[in-house]
Amino acid sequence: MLPASLNNLLRIGGITISAILAVLPWLITVDSDDPFLFHGWAVYAATAVAICLLSVIFLFFRPRQNQIPFARAFLLLFAVITAATLMSNFIVSLRTSLVWLSLLVLAGFLRLCRHQADNLNVATMVVLSGFFMAVYGLFQAAGYDVINWSSIYLMVGTLSNPNFYTAFLSTTAIISLGLSLNQSYRFNHTRIAFWAMTAVQIMAIIIANRSGTMLTLMFGMILLATSFWEVRPGRILRRSPFISGLLIAMILTIAHGLVYYATSTYPWESWGKFNYADYPVITRMILWQMGYAIFMQNPFFGLGPGAAPYLMPLQRPAVGSALGIKTFNDDPHSWPVTLLGEIGFSGLFAICSIMAIAYGCGTWRRFKNQQTDENVNSETREPDLQPEKVCADDNLSWSITLGVIAVAMLAYACGLVGPAIYVYSFPTAILVFGLHNLFTTISRANKPAQPANMAKITLAAMFTFAFHGLYNNSFSILPLLAIFVVVFSLHFSVCLRDIVWKRRFSFLSLLFICLPAMYVFTAYNFQIAYHREQVNLALGEKQLGNKNFAESQNAFESAIQANPQSLKAHYGLALCLEQQNRLDETQDILKRLDAMVPNVFNTNFELARILFERRQVLEAHKYALKSLQWDHVPKVYELLGRILLMEGKQNEAEKIFEEGLMLIPPDHNERDAADRIRLNLAALMAGRGNFEKCQSYLEQIKSELRENIDYVYLQGMLLSRDQKYTQALELFEKALEKAPQNSRLMNAVGYILTQLNQDLERATNLLEDAYQIIRRNEPPPLSELLMVTHSLGSLYWKQGKLDEARQLLEIAWEQCPPEWQSLRKERFDSLKLFYQETGRTQELQTLIENENSEQNNIQEHD
Numbered sequence: 001m002l003p004a005s006l007n008n009l010l011r012i013g014g015i016t017i018s019a020i021l022a023v024l025p026w027l028i029t030v031d032s033d034d035p036f037l038f039h040g041w042a043v044y045a046a047t048a049v050a051i052c053l054l055s056v057i058f059l060f061f062r063p064r065q066n067q068i069p070f071a072r073a074f075l076l077l078f079a080v081i082t083a084a085t086l087m088s089n090f091i092v093s094l095r096t097s098l099v100w101l102s103l104l105v106l107a108g109f110l111r112l113c114r115h116q117a118d119n120l121n122v123a124t125m126v127v128l129s130g131f132f133m134a135v136y137g138l139f140q141a142a143g144y145d146v147i148n149w150s151s152i153y154l155m156v157g158t159l160s161n162p163n164f165y166t167a168f169l170s171t172t173a174i175i176s177l178g179l180s181l182n183q184s185y186r187f188n189h190t191r192i193a194f195w196a197m198t199a200v201q202i203m204a205i206i207i208a209n210r211s212g213t214m215l216t217l218m219f220g221m222i223l224l225a226t227s228f229w230e231v232r233p234g235r236i237l238r239r240s241p242f243i244s245g246l247l248i249a250m251i252l253t254i255a256h257g258l259v260y261y262a263t264s265t266y267p268w269e270s271w272g273k274f275n276y277a278d279y280p281v282i283t284r285m286i287l288w289q290m291g292y293a294i295f296m297q298n299p300f301f302g303l304g305p306g307a308a309p310y311l312m313p314l315q316r317p318a319v320g321s322a323l324g325i326k327t328f329n330d331d332p333h334s335w336p337v338t339l340l341g342e343i344g345f346s347g348l349f350a351i352c353s354i355m356a357i358a359y360g361c362g363t364w365r366r367f368k369n370q371q372t373d374e375n376v377n378s379e380t381r382e383p384d385l386q387p388e389k390v391c392a393d394d395n396l397s398w399s400i401t402l403g404v405i406a407v408a409m410l411a412y413a414c415g416l417v418g419p420a421i422y423v424y425s426f427p428t429a430i431l432v433f434g435l436h437n438l439f440t441t442i443s444r445a446n447k448p449a450q451p452a453n454m455a456k457i458t459l460a461a462m463f464t465f466a467f468h469g470l471y472n473n474s475f476s477i478l479p480l481l482a483i484f485v486v487v488f489s490l491h492f493s494v495c496l497r498d499i500v501w502k503r504r505f506s507f508l509s510l511l512f513i514c515l516p517a518m519y520v521f522t523a524y525n526f527q528i529a530y531h532r533e534q535v536n537l538a539l540g541e542k543q544l545g546n547k548n549f550a551e552s553q554n555a556f557e558s559a560i561q562a563n564p565q566s567l568k569a570h571y572g573l574a575l576c577l578e579q580q581n582r583l584d585e586t587q588d589i590l591k592r593l594d595a596m597v598p599n600v601f602n603t604n605f606e607l608a609r610i611l612f613e614r615r616q617v618l619e620a621h622k623y624a625l626k627s628l629q630w631d632h633v634p635k636v637y638e639l640l641g642r643i644l645l646m647e648g649k650q651n652e653a654e655k656i657f658e659e660g661l662m663l664i665p666p667d668h669n670e671r672d673a674a675d676r677i678r679l680n681l682a683a684l685m686a687g688r689g690n691f692e693k694c695q696s697y698l699e700q701i702k703s704e705l706r707e708n709i710d711y712v713y714l715q716g717m718l719l720s721r722d723q724k725y726t727q728a729l730e731l732f733e734k735a736l737e738k739a740p741q742n743s744r745l746m747n748a749v750g751y752i753l754t755q756l757n758q759d760l761e762r763a764t765n766l767l768e769d770a771y772q773i774i775r776r777n778e779p780p781p782l783s784e785l786l787m788v789t790h791s792l793g794s795l796y797w798k799q800g801k802l803d804e805a806r807q808l809l810e811i812a813w814e815q816c817p818p819e820w821q822s823l824r825k826e827r828f829d830s831l832k833l834f835y836q837e838t839g840r841t842q843e844l845q846t847l848i849e850n851e852n853s854e855q856n857n858i859q860e861h862d
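This note's numbering puts the sequence shown at residues 1 to 862.
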């Protein structure tokens, strides 16, 4: 056995670390892109303390064998994580693997130092953490918050997201409800306290209105209320937990494989219109498909811990945006899929084996309790000799906790402390609660009774958390994982006896002395680099929003220096450089980003946009096509269509524009892009004389684009087609004031002035200037060039310049493509009228013969 001093030191260390992990969700990170940055420091610090204590104790003492049933599964998981990290190409795998291994160390340490007398104390600390968080969230929902969060959500607690907030509450609420139902206490106020805390937590979950979490809560309640699932495994499965783990891993892998096959073969292009309520389910399935595709690249060991953000964009379907998938998703939102992709089937097998061990211990404890109860009931006893009911030692320090909270509230109300200290008073009260209960227990001479039925409570809480992680990314959130570690270690403390130590010295144990220094050195270097990256990312985004582009550039460059593979830092730097008009450097950064992860943050679209603005049409065309391969969204189709128009390929542009209207995502930016496509199509139809389709496309535009100059121009043109020249001229004049160099508006005003026979001198200046502006384009747009040519011809006819008028009107008709039938007929009628009015009989006869011959050729071709 351990000496009393070491034993008490271990217990104090265990309770302290348990309290730190239980209140970890209360830790607030400011000025960081990662809202859980400081949580990493806390986990590393707790692990360093645990390693220091164990390295000293293991010099002279060792736990007896078979007291840590998950030891072999932990060693397997350690080996798998190490192998996956060594094979990974990503820097982030080093830090991620160290975080996972630290949590494994903490779980083992808490099992070694936990005493059964501390079980209710630890469980109550977890419940108090959830209860206080629920109260805080309810105040947020009511509009009262001491901290101004930069979150778009109202009810988030201190976890930045309502999904994380409710995932935390669902786990703590199940523990609280279990302690209310399945436990006997000496004092009635203990049960009342747990019932009250349960009610508050459930109320917070309901008000948060997250359907997934409410489903999770119902699942946990069913586990607590029933016992059909607490069945001891059969003889084969009891032989080794690895058999059960293999079976569970195979079931999860096959199930997600079926989802992968179904979603990857489904014709999403012909999806029609889903209801908005369907999108959460659809996006989850698509994310599972993306994560499973990562797993298929290396099924056994995966592609490295933390590699998902770098690999998910590669698996994004081209219609992802139309199905509600964001341009950058860093998590498959399912812990089995995440584990399969990052550490392969072997890692999932190790995790499932640990789950099987936890379940086996829980059912074994229930079986032993049933045997004990049956033996007691089978004995014949006198009424006064019946055994007393076993009650938990619930002499808990409620008054200490309430006292700390009351003092903090009074100090905050008097202005003696700030909001941060007030918020941190809640975790401080929990820590004081745990330590006070521990010291009270240690000072007692008698041994307190063991709490009954807590094995079912902790097992239900773990399964509830795991169930929520099947369709949400709660397992990737460090403070939630820390809570899971506390519940996991508590489960084994409830099911098994206290650890029995034996005295044993070995010179090999001297190697353990080196572990603390090695761990602290490694953890500090990994975490400080990550800290600098996240802080500079937040600073860069803040300065970019404030338009301090030089400072923003320095921040993003510092983030890249801390992590050369930082995707957000490269993208932010590209935005800064573009705002500073350093487009060559912007292109280099975007190309480097695209080389790391193809098309992440739509790099191909950004490159195509920049190149198009710089009139590098061929390069812009290439990157626009690459972007279209990755993402079928209206903005890409719109950009590619504009590029084709600049290249003079109007027919191809029309096809691209029409394809861009087939799938329109719910995002407002994409809806605006779809309206721009409609405007371009309307302009094309107007240029070809198809004014009915032009009117149809204009009527479909519902956004602010109706105030656009091009939209106003087309509306005015349609009015002029209906001989409403005064109304059309009023529209064109207002638009021309805003864009005095717009060639189409200049032509429109000049043409209407010509038709009204007003201010022909101004009309001449406008039309001739418009003609020169259009001719300067390379290549000049044919429809606009022929339009202004026809307008000038009509003007010169009015002015009596018949030779110039004849030449221009003939060009406007002859160069008009045959497929523009309506417009070509109008130009023919205009030229025919000119010949008739000016007495050019021979030219008129030749014109009619040519037109008839052309019509015959068209009919024969058809």
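Cβ atoms here follow ideal geometry from the backbone N, Cα and C, with glycine treated the same way. As the structure is a prediction and not an experimental result, all values here were calculated from the model.
Item to complete: Write down the C-beta distance between Gln67 and Leu459 rounded to the nearest angstrom, noting that I regard them as a contact closer than 8 Å.
Response: With a Cβ gap of about 19 Å, Gln67 and Leu459 do not count as contacting.
Discussion item. Quick check: what's the CA-CA separation for Ser399 versus Leu215?
Written reply: 35 Å
Fill in: Cutoff 7 Å; reference Glu551; Cβ partners in own chain excluding five residues on either side
Gln543
Worksheet item: What are the boundary residues of the beta strand (DSSP E) that includes Pro63?
Response: Phe61 to Pro63
Worksheet entry | Closest residue to Leu311 among Asn298, Tyr524 and Glu619 (Cα-Cα distance) | Asn298
Discussion item. Quick check on the DSSP output: the beta strand (DSSP E) that includes Trp398 runs from which residue to which?
Written reply: Element bounds for Trp398: not the beta strand (DSSP E) but the alpha helix (DSSP H), Trp398 to Ala413.
Practice prompt. Assign Gln140 to buried or exposed, taking buried as 16 or more other Cβ atoms, counted over all protein chains shown, within 10 Å of its Cβ.
Written response: buried
Item to complete: Let me know if Arg95 comes out buried or exposed under the rule of 16 or more other beta-carbons within 10 Å of its beta-carbon.
Response: buried
Worksheet item: Identify the residues that DSSP records as bridge partners of Lys502: which are they?
Response: Arg62
Fill in: Ordered list of alpha helix (DSSP H) runs contained in the region 137-201, each at least 4 residues
162-181
Worksheet item: Are the region 629-639 and the region 306-325 touching, with three or more C-beta to C-beta distances below 8 Å?
Response: yes
Worksheet item: So, Leu766 versus Met787, is the Cβ gap smaller than 8 Å?
Response: no
Discussion item. For Gly324 and Ile282, which I take to be in contact (beta-carbon distance under 8 Å), what is that distance rounded to the nearest angstrom?
Written reply: 6 Å
Worksheet entry | Whole runs of the alpha helix (DSSP H) within the region 630-717, excluding any shorter than 4 residues | List check, alpha helix (DSSP H) in window: 634-646, 650-660, 668-687 and 691-700.
Worksheet entry | Beta-carbon proximity check, Phe164 vs Arg503, cutoff 8 Å | no
Worksheet item: Closest to Ala595 by CA distance: which of Leu314, Leu438 and Tyr471 is it?
Response: Leu314
Worksheet item: Does the region 127-137 touch the region 197-208, meaning 3 or more C-beta pairs lie closer than 8 Å?
Response: Segments in contact, yes.
Discussion item. I'd like the span of the alpha helix (DSSP H) that includes Lys825, first residue to last.
Written reply: Gln821 to Glu837
Worksheet item: Of all the CB atoms in chain E, is at least one closer than 8 Å to the CB of Ser425?
Response: In the displayed structure, chain E is absent; only one protein chain is listed.
Worksheet item: Are Ile701 and Tyr713 closer than 8 Å when you measure CB to CB?
Response: no
Worksheet item: Taking C-beta to C-beta, are Ala673 and Lys622 nearer than 8 Å?
Response: no
Fill in: CA nearest to the CA of Leu539, picked from Leu9, Leu736 and Ser32
Ser32
Discussion item. Can you give me the C-alpha to C-alpha distance between Ser627 and Lys825, rounded to a whole angstrom?
Written reply: 40 Å
Practice prompt. Under 6 Å Cβ to Cβ from Lys591, same chain only, skipping five residues before and after it: list those, please.
Written response: none
Discussion item. Please state the DSSP three-state secondary structure of Asn8.
Written reply: helix
Discussion item. So Val49 and Gly13 are supposed to be a Cβ contact under 8 Å. How far apart are they, rounded?
Written reply: 6 Å
Item to complete: Throw me the rounded Cβ distance for the Ala805 and Phe834 pair, which I believe falls under 8 Å.
Response: 7 Å
Practice prompt. Flag this pair as yes or no: are the beta carbons of Val485 and Ala107 separated by less than 8 Å?
Written response: Cβ distance < 8 Å, so Val485 and Ala107 count as in contact.
Worksheet entry | C-alpha distance - Ala529 paired with Leu396, whole-angstrom precision | 42 Å
Worksheet item: Span of the alpha helix (DSSP H) holding Ala318?
Response: First-last for Ala318: undefined, no H or E at that position.
Discussion item. Measuring alpha carbon to alpha carbon, tell me which residue in Leu679, Phe345, Lys693 and Phe556 is nearest Glu707.
Written reply: Leu679
Practice prompt. List the whole-angstrom C-beta distance separating Ala262 from Leu77, where the pair is believed to meet the contact cut-off of C-beta under 8 Å.
Written response: Rounded, the Cβ-Cβ distance is 30 Å, inconsistent with contact.
Item to complete: Please confirm whether Phe465 and Thr171 have their CB atoms less than 8 Å apart.
Response: yes
Item to complete: May I ask you to report which of helix, strand or coil DSSP gives Tyr44?
Response: Residue state for Tyr44 is assigned as helix, using DSSP reduced to three classes.
Discussion item. Ala408 and Ile28 - do their beta-carbons sit closer together than 8 Å?
Written reply: Result no, Cβ atoms of Ile28 and Ala408 do not sit closer than 8 Å.
Discussion item. Could you tell me the alpha carbon to alpha carbon distance between Gly648 and Leu607, rounded to whole angstroms?
Written reply: Gly648 and Leu607 have their C-alpha atoms roughly 21 Å apart.
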